[in-house]
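Student: So the sequence shown is numbered by this note's numbering: it starts at 744 and just counts up by one. C-beta: ideal position from N, C-alpha, C; glycine also. Every value quoted in this text rests on a predicted model; they were computed, and no experiment measured them.
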Amino acid sequence: LEYTVDMGITPLLYKVAHKCILMQNEKLKNYSISAQQAALLGMIVFLGEDNGINQKTISKEMQVKESSVSSLVKTMIKNGFIFKEQSKEDGRNYIIRLTDKGNEIIEVLKNTQGQIEKEIYGRLSEEEKDGLIKTLIKLV
744 LEYTVDMGIT PLLYKVAHKC ILMQNEKLKN YSISAQQAAL LGMIVFLGED NGINQKTISK
804 EMQVKESSVS SLVKTMIKNG FIFKEQSKED GRNYIIRLTD KGNEIIEVLK NTQGQIEKEI
864 YGRLSEEEKD GLIKTLIKLV
């Protein structure tokens, strides 16, 4: 299939996103973690910082049902990547944080993300790369 400008943005964004996920899954297969689990770990780091993050925020940011997040969180707790603790501010709320194993995976993810971006961006000039990032930010 040859991609052209008149195809529209949807199939092109899908293809690039899918390619990134496949590359990430390949690089992470030795760590028994999926791209979706990696995305969750990244959210905990970048949105939760040191304070952790709750499942409602994860659901909103990942744009998936809370029940799907709940299942994902249970799997990741079982695999030792994260843990939940009761919020000190609101006892009905649980905060999700990284375990030491989760932090180790974050370091692998940073390296993996760098490799993927290098491969993807390797075809672009710095000006094209900056333009692409700015455009994607506008779309999000």
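Note the first and the last residue of the continuous alpha helix (DSSP H) segment covering Q767.
Tutor: Taking the sequence shown and counting its residues from 1, the one referred to as residue 767 is at position 24. Unbroken alpha helix (DSSP H) run through Q767: I752 to L771.
Student: On the DSSP bridge assignment, give the partners of G837 in chain order.
Tutor: Within the sequence shown, residue 837 is the residue found at index 94, counting from 1. Correcting the residue type first, residue 837 is Tyr in the shown sequence and not Gly. In DSSP, Y837 forms a bridge with Q829.
Student: With distance defined between alpha-carbon atoms, name the residue in I849, T855, K853 and G795 nearest to F826.
Tutor: As a first step, residue 826 is located in the sequence shown; it is residue number 83 there, counting from the start. Comparing Cα positions, the closest option is G795.
Student: Quickly, what does DSSP pair I796 with across the bridge? List them, please.
Tutor: Walking along the sequence shown from the start, residue 796 turns up at place 53. Answer is I839, bridged to I796.
Student: Short of 6 Å in beta carbon distance, which residues of its chain neighbour E828, apart from the five on each side in sequence? Order them along the chain.
Tutor: As a first step, residue 828 must be located in the sequence shown, where it is residue number 85. I838, listed in sequence order.
Student: Can you tell me which of the three DSSP states Q856 falls into?
Tutor: Here residue 856 refers to the residue found at position 113 of the sequence shown. Helix.
Student: Here's a check: name, in chain order, each residue in its chain whose Cβ is nearer than 8 Å to the Cβ of Q798, leaving out the five neighbours to either side.
Tutor: As a working mapping, residue 798 is identified with position 55 in the sequence shown. Answer for Q798: E809, V812, S813, V816, Y837 and I839, listed in chain order.
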